[in-house]
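In the working numbering, the protein residues as written are 735 to 1014.
In this text, a Cβ means the ideal position worked out from N, Cα and C, and glycines have one as well.
The structure presented is a predicted model; accordingly, all values stated were derived computationally and were not measured.
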């Protein structure tokens, strides 16, 4: 009997430690933020997800839209969220400060999901969210997928240096501090001299025609000239300077978030550049 006692004590201690570890794993997670939505869907057990933002199921913004449709969508109201009794709430840097204060005042754990602007911050964010969810191994695997996707795009680097700009409706241009710039730099593409610095800025049509980047990335290109923003890209001078082989459509969902969105973005861009004719 005395010989069995150490084994019994070991089992009690092991079970106690396991229970303590399990207690730290959140069981009801909600997200008010598009980027957090996608990380939660990619990393959490489905049973952990109590609710996601309405953006999670929008295919124009989210790369996990199909998977996200199975989960409850939040209505932005703090009161409704409190009724879900979450033990972990993800928010973004600029998400509804009043709602955040109400949730925090109720003693809920509120974690901010920071903006991602480069590969290293994307890696750190994956690891942090995975650890918070109690899914560290899945986080490590997602980081591996991210690095592998980056390597696939890097393999498409242009043999000769080319310039490129990412331009939105109306002429807003993504700058070198943006996540879009990380995508382009991985492919060996750089902004032309004189392009907006920082996170970007608006450039008049005349300046675009003067800068003449080798490749024009158009975010969510319009299908018809429904407004002034769409007319920017449909101007005859732009159409002449950028025929289809020098113009690449870049969906918004690939330029907003890290995590699974950045994995998909690297692969999307690698495929798009692979289909371009060689530069002359």
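Where the beta strand (DSSP E) through residue i begins and ends
i	result
residue 784	783–785
residue 897	896–901
Which listed residue (the options) has its alpha carbon closest to that of residue i
i	options	result
residue 981	963, 899, 990	899
residue 848	860, 832, 827	827
residue 886	770, 759, 999, 768	999
residue 986	823, 971, 912, 785	912
residue 897	875, 932, 947	947
residue 793	870, 891, 836, 771	771
residue 883	784, 1003, 1010, 837	1003
residue 943	966, 871, 836	966
residue 878	916, 994, 1007	994
residue 919	895, 769, 939	895
residue 814	786, 791, 796, 795	786
residue 758	881, 773, 765, 782	782
residue 866	809, 881, 765	765
residue 905	842, 763, 950	950
residue 727	811, 820, 842, 819	What the structure shows of the chain is the stretch from 735 to 1014, and residue 727 is not part of that stretch, so it cannot be assessed.
residue 931	837, 940, 975, 910	910
Classification of residue i by the beta-carbon crowding that lies within 10 angstroms, buried from 16 upward
i	result
residue 832	exposed
residue 902	buried
residue 936	exposed
residue 1009	exposed
residue 809	exposed
residue 737	Summary for residue 737: the model assigns pLDDT 48, below 50, so the residue's position carries little reliability; its value from the coordinates is reported in the next sentence. With fewer than 16 Cβ atoms within 10 Å of its Cβ, residue 737 is classed as exposed.
Own chain partners of residue i with C-beta closer than 6 Å, once the 5 adjacent residues on each side are dropped
i	result
residue 816	840
residue 775	798, 801, 802
residue 868	759
residue 806	785
7 Å CB neighbourhood of residue i in its chain, flanking five on each side removed
i	result
residue 747	Because the pLDDT of residue 747 is 44, which lies under 50, any placement of that residue in the model is unreliable, and the number read from its coordinates should be weighed accordingly. None.
residue 872	777, 864
residue 796	768, 771, 772, 789, 790, 802, 987
residue 842	820, 823
Range of the contiguous alpha helix (DSSP H) that encloses residue i
i	result
residue 907	Here residue 907 belongs to no alpha helix (DSSP H); instead the beta strand (DSSP E) covers 906–908.
residue 935	From DSSP, residue 935 is part of no alpha helix (DSSP H) but of the beta strand (DSSP E) over 934–936.
residue 846	Per DSSP, residue 846 belongs to no alpha helix (DSSP H); it is in the beta strand (DSSP E), 844–846.
residue 884	870–888
Close-in-space but distant-in-sequence residues of the same chain around residue i (CB under 8 Å, 5 per side omitted)
i	result
residue 804	780
residue 889	1004
Nearest-angstrom beta carbon gap, residue j and residue i [assumed within contact, 8 Å]
i	j	result
residue 853	residue 892	In fact, because the Cβ distance is near 19 Å, the residues do not count as touching under 8 Å.
residue 768	residue 990	7 Å
residue 907	residue 934	5 Å
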